[in-house]
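In our numbering, the protein residues as written are 926 to 1012. Beta carbons are placed, not taken as given, at the ideal position from N, Cα and C, and that holds for glycine. Note that the coordinates shown come from a computational prediction; the quantities given were computed from them, not determined experimentally.
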C-alpha cells in the first residue's frame, strides 16, 4: 500500500525528519528573536508518550499546548480510524 507514492515506512521516516527539522527551525527562530530584544521569554510545550501527556511551561502557554496536543491526537486518531483519508 503506497501513499503519495511512498510506502508507509518511508512516509513515516519522512514525517519524522520533517518534524525534527521544524523543531530545530523553531528553536533557532526563538533564539534569534530573544537575542534581538531583551524581553522576558515564556516557554511551554507538551510531549505525548503513549497515552500519557507531559505538559510544561508558563500557565498561559500550557493552555495553548494542551489545545494543540488535543487537536493533534484527534487528527491522528482520525487518520488511523477512517480508511482512505490520505488518498
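The residue among 971, 981 and 946 with its C-alpha nearest the C-alpha of residue 998 is 971. Closest option to residue 981, judged by alpha-carbon separation, among 1004, 991 and 1005: 991.
Beta-carbon to beta-carbon, residue 978 and residue 993 are separated by about 11 Å, too far to satisfy the 8 Å threshold. Inside the segment 975-1007, DSSP marks whole alpha helix (DSSP H) runs of 4 or more residues at positions 984-1006, from first to last along the chain.
As the crow flies, the alpha-carbon of residue 989 is around 17 Å from that of residue 955. Scanning its chain for C-beta atoms nearer than 6 Å, with the 5 sequence neighbours on each side dropped, one finds around residue 969 the residues 982, 983, 986, 987 and 990, in chain order. Contact between residue 931 and residue 942 does not hold, since their C-beta atoms are separated by about 12 Å, which reaches or exceeds 8 Å.
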